[in-house]
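Undergrad:
Numbering (my numbering), first residue to last: 53 to 147.
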């Protein structure tokens, strides 16, 4: 939302949010706010272009699952090493 505007930035952001969240037609929201419907449509379009695209949550979940499985394997290996070390030292102390 750039350029000179007679509307404050926060008003434009709030208007875009209202237009997105409302189930009323954009024309009605614009009329209620006292702005031209094409102006509001441009604000919404500009805000949509400024937002990053949708995130592929399945790919993110798969990557997180892969990382967590790797971490679990590392922790299991550490636990096994520590268990063996504890058994070794307990045996040495018992002599």
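Here a beta-carbon is modelled for each residue, glycine too, at the ideal position from N, C-alpha and C.
Keep in mind it's a predicted model, so treat the numbers as computed, not measured.
Closest by CA to residue 69, which one among 131, 96, 57?
TA: Selected option, being the one with the closest Cα: 96.
Undergrad: Let me make sure I understand the geometry here. Which of 145, 65, 137 has the alpha-carbon closest to that of residue 103?
TA: The option with the nearest alpha carbon to residue 103 is 65.
Undergrad: For residue 140, which of helix, strand or coil comes out of DSSP?
TA: Helix, per DSSP.
Undergrad: With distance defined between alpha-carbon atoms, name the residue in 59, 140, 139 nearest to residue 86.
TA: Residue 59 is the option with its Cα nearest to residue 86.
Undergrad: Measure the alpha-carbon distance for residue 83 versus residue 62 and round it to whole angstroms.
TA: Answer to the nearest angstrom: the Cα atoms are 18 Å apart.
Undergrad: Assign residue 67 to buried or exposed, taking buried as 16 or more other Cβ atoms, counted over all protein chains shown, within 10 Å of its Cβ.
TA: Buried is the call here.
Undergrad: Once DSSP output is grouped into helix, strand and coil, what is the label at residue 123?
TA: Residue state, collapsed to three classes: helix.
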